[in-house]
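Each protein sequence line maps, in turn, to chains A and B.
When the first sequence is numbered by this note's numbering, its final residue is 589 and no position is left out of the sequence of numbers.
When the second sequence is numbered by this note's numbering, its final residue is 436 and no position is left out of the sequence of numbers.
All residues carry an ideal CB built from backbone N, CA and C; glycine is no exception.
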Amino acid sequence: MLKRHGLSVFAVTVAALLMLPVLVILSYLIKADGALWQHMFETVLNDYLVNSLLLLLGVGSGVLLLGVPTAWLTSMCDFPGRRWLSWALLLPLAVPAYIIAYTYTGLLDFAGPVQTWIRDITGLGYGDYWFFEIRSLGGAIVMMSLVLYPYVYLMARAAFLEQSVSSIEVGCSLGYSRWRALWSLALPMARPAIVAGLSLALMETLADYGTVQYFGVSTFTTGIFRTFYGYGDTAAAAQLAASLLAFVILLVMLERYSRRRARYHSAAESRARADLIPLTGSKAFLALMICLVPLGFGFVIPAGQLLWWAVFEAEPLGWEFVSLAWNSFSLAFLAALVAVTLAILLAYAQRARPIKPVRGVLAMSGFGYALPGTIIAIGVLIPLAWIDHRIIALFEGWGWDSPGLILSGSLIALLFAYTVRFLAVALGSVQAGLEKIKPSLDYAGRSMGHSPLAILRKIHVPLMRSSVLTAVLIVFVDVLKELPATLILRPFNFNTMAVRAYELASDERLVDAAPASIMIVLVGLIPVLLLHASIARRRPQ
Amino acid sequence: MTMTFDNSKQHLLIDKVTVAYGSQAIVHDVSLAVGVGEIGCLLGPSGCGKSTLLRAIAGFVPLQSGSISLSGKTLAKDDFCLPAETRNVGMVFQDVALFPHMTIAANVSFGLQHWPKSEQVQRVEELLDLVGLGGYQERYPHALSGGQQQRVALARAMAPKPSLLLLDEPFSGLDAMLREELVPEVGAILRQEQIPGLLVTHDQTEAFTMADHVAVMNQGRIEQWDTAYNIYHKPDGRFVADFIGEGDFLACKVASDTCVESPIGHLCSDRPHGFSAGQEAEVFIRPDDVLHLDDSPITGRIISKRFRGTHFLYRVLVAGNQTLSCFADSHHNHEIGEEIGIKLSLDHLMLF
């Protein structure tokens, strides 16, 4: 019995373990402490709520404004630069929001090159003129919109491309002008995809800690940090996390609902160049500008500034940087290995026995990716610290020395949190690879006298290699960029590039933060380019 | 139903096999036998359990009860289940299932891992020649057409000289023209290679073209295991009559051992039909039993017609409220609503 169900039992156990942090946080929603709520409501909660909602509203409008027109232009119109813009518009995805935030602060604050230049030209001095204050809620909205719009762009573009040419032609045959057919047919048909992209961008917005903290905007995530570190109040932090979780659940539901609806597209032949609306002259120039704005402000300017700082102004890199890089890379690699190994085992468990409990827990474990790092970190810390204190009590009871916080104070906590957050990414890639190996391939191999192990080696390993490598790579890069969970859970004196860049920036040492930041951006480019390659493979243009 | 077999002549013997997923039985108490050098066929609508039975023979699905043996060797019996890789049973799949990362040669020699290299090369060449794909050794599956891929799959399954070849709807992914060409060809190749086969299909033309014996399956049970001729002309039960070919049931009253009284007259069979005089019954009439004769005294009114090139298929209303189908020569073009003369040409009666 156990032998036959071993893998299923394992899968359910792993998934249950990964659900633990969320369940811990959810439990605080139920056993809410009335007095604590009352106090938080009177003091901070209102601020957190209003700011978080404004942030969602602002970033939501921002990503739609940047993402939909660019997707529209690169998929429906033909103008000079369309081809390279269609992938270059994804590049801002490689820049974490906290990095773009402090890069623009360096550019735009009083001592920065832009304001200095204005003063030099006009002769005005401090206080004589008005200038946009980047370190504000508005600034946070702009920063996040600039790096999160690719989610909307990607989904909207895919939807536009998958719409069959004939549906537009039907519109034209019924007397619609080309533009009107596009507006009244193509856009509504793409709406579910756009909403799915929007909800992904909003999930990232809710999860952000670095940007809002740096800009001094009080939201749920900064509130969780302040409550946790400032007041040392785990219960209150967990309650805030639970409220944030309620928002996230709403967004996840919105995203899943839209995705289901997004499936009504037709499997049409790819759009030929002739089907694009040709733009020339001023129209082409306008289209080019519309696409260049998000690309320029979202990637070229911040990356260029970081590169400038890192190469010409930052202190020469020393051993500290090497050890930072080593910490980051080895941690990210280890996390990727753990997540992908678990993903492979889970995917095979489902394949071997696609029974309800296994399918269910697999679907649930995909939820982790939507969870803000702060929620996961608190949810991991509470149960692990509890176990640690039991262990310590046990040791002391036996008259031994305390072993210290062997779980919550070590890399184990961090790896656990990363697995909760990024397993879904690994699982997605591995499952996509495994789906291509139909069961009949196994059957064929076995009917020709090969043992299951030989089939694994000769058929599965070669066919799965690329999707497994992709999974490792994506988790690796995601871990490298991750900030809030790492800040909370890293062992004492253990620094990564993301944490160090953030700390230096917080200390106003923007220039010195640049080398680690540009490194993170460059590594972050790899999955973006991979994404582009996989889209291009699917649809040769 | 119960069957008895002369075990000595039987190659594949399936005895009272039940297969279940969870508590739901998919194959129910099924028995059949395929003789040496024969091709058998499991025919039935989708979901009837035919593919599951095939999988049980291959060893991918365990039995709940019963036994399966091949040339006297037990493959599976109750709880015992010989692993698929040790059964020496080849299989061709509906979705072809060629290994996409291997060349055609590597695919075909996949089951020859214990053969010396030179013999492998020779066997691959021999089989590719046999399926008409000589010289394709170094190509990859994606470079081949659907029909070519299925030929490679056949060559691959036959390469290790299996003692039985299972074919799981191998032609259903192909277009009609290709199927017409490939089905008799595959049958011929199996006979030439002396490999007994068992085909699963829902297409009766395929079944009749390839198989010596056909099992009509319905809801996990075998309704009839017989030659193609008998399945068509002596269906064992309403389901088989209805599932195979076209036809209509006509209410009638049994007159004698061999004759019945029907709305279109007195019908007689050349052998006893098994019902006793005075019983109410239904006689099953196929369109090829109904001839169109302009001067026949029995007439029917045309309610629909379909032109099929070589002939017309008329649906006619007879005796007020009974419908029959009738084949007519393609130059007998009549209008809907017209009364036409029909004549029954029955050798034997199928009564239910």
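In this structure, the straight-line span from the alpha carbon of residue 538 (chain A) to that of residue 469 (chain A) is close to 16 Å. Neighbours of residue 174 (chain B) in chain A, taken as residues whose beta carbon is under 8 Å from its own, are 495, 496 in chain order. Contacts with chain B at 8 Å (Cβ-Cβ) do not include residue 396 (chain A). Contacts between residue 510 (chain A) and chain B, judged by CB atoms closer than 7 Å, involve 185 in chain order. Taking all protein chains in view, the Cβ of residue 175 (chain B) is crowded by 16 or more other Cβ atoms within 10 Å, so the residue is classified as buried. Taking 8 Å as the cut-off, the Cβ atoms of residue 118 (chain A) and residue 103 (chain A) do not count as close. One thing to note: residue 429 (chain B) has its Cβ within 8 Å of the Cβ of residue 375 (chain B). Sixteen is the threshold: since fewer than 16 other Cβ atoms of the shown chains lie within 10 Å of the Cβ of residue 157 (chain B), the residue is exposed.
With its beta carbon at least 8 Å from every one in chain A, residue 296 (chain B) lies outside the interface. Using beta-carbon distances, residue 514 (chain A) does not count as an interface residue toward chain B, since no partner is under 8 Å.
In the DSSP annotation of this structure, the continuous segment of the alpha helix (DSSP H) that includes residue 124 (chain A) starts and ends at 94-124. Contact annotation for residue 169 (chain B) against chain A: 494, 497, 498, 499 [CB-CB distance below 7 Å, chain order]. With fewer than 16 other Cβ atoms from the protein chains shown falling within 10 Å of its own Cβ, residue 570 (chain A) counts as exposed. Taking 9 Å as the cut-off between beta carbons, the residues of the segment 232-254 of chain B near chain A are 237, 240, 241, 243, 244, 246, 250, 252, in sequence order. Relative to residue 142 (chain B), the option among B:313, B:153, B:132 whose CA is nearest is B:153. Rounded to whole angstroms, the separation of the alpha carbons of residue 572 (chain A) and residue 305 (chain A) is 29 Å.
Bounds of the alpha helix (DSSP H) holding residue 427 (chain A) are 421-445. Bounds of any alpha helix (DSSP H) do not take in residue 385 (chain B); it lies within the beta strand (DSSP E) bounded by 383-391. For residue 177 (chain B), the chain A residues whose Cβ falls inside 8 Å of its Cβ are 488, 491, 492, in order along the chain. Listed along the chain, the chain A residues whose CB falls inside 9 Å of the CB of residue 109 (chain B) amount to none; the nearest CB is some 18 Å away. Contact between the segment 238-253 of chain A and the segment 191-211 of chain A is present, with at least three C-beta pairs closer than 8 Å.
Bridge pairing for residue 531 (chain A): absent [DSSP].
Closest option to residue 527 (chain A), judged by alpha-carbon separation, among A:375, A:486, A:516, A:506: A:375. Straight across, the Cα-Cα distance linking residue 55 (chain A) with residue 123 (chain B) is about 39 Å. Residue burial annotation: residue 99 (chain A) is buried, with at least 16 other C-beta atoms found within 10 angstroms of its C-beta. Taking C-beta separations shorter than 6 Å and ignoring five residues to either side along the sequence, the partners of residue 260 (chain A) in its chain run 188, 267, 270, following chain order.
With at least 16 other beta carbons inside 10 angstroms of its own, residue 255 (chain B) counts as buried. Rounded to the nearest angstrom, the Cβ distance from residue 135 (chain A) to residue 580 (chain A) is 4 Å, consistent with a contact under 8 Å. Residue 213 (chain B) counts as exposed, since fewer than 16 other C-beta atoms from the protein chains shown sit within 10 angstroms of its C-beta.
For the options B:316, B:164, B:271, the alpha carbon positioned closest to that of residue 145 (chain B) is the one of B:164.
In the structure shown, the three-state DSSP call for residue 197 (chain B) is coil. Distance between residue 471 (chain A) and residue 297 (chain A), taken at the CA atoms: about 18 Å. DSSP, reduced to helix, strand and coil, places residue 224 (chain A) outside both helices and strands of the structure shown, so it counts as coil. Interface criterion not met: the Cβ of residue 454 (chain A) is under 8 Å from no Cβ in chain B.
Using a C-beta cut-off of 8 Å, the segment 181-190 of chain B makes no contact with the segment 264-275 of chain B, since fewer than three inter-stretch Cβ pairs fall below that distance. Per the coordinates, the alpha-carbon of residue 193 (chain B) lies some 37 Å from the alpha-carbon of residue 113 (chain B).
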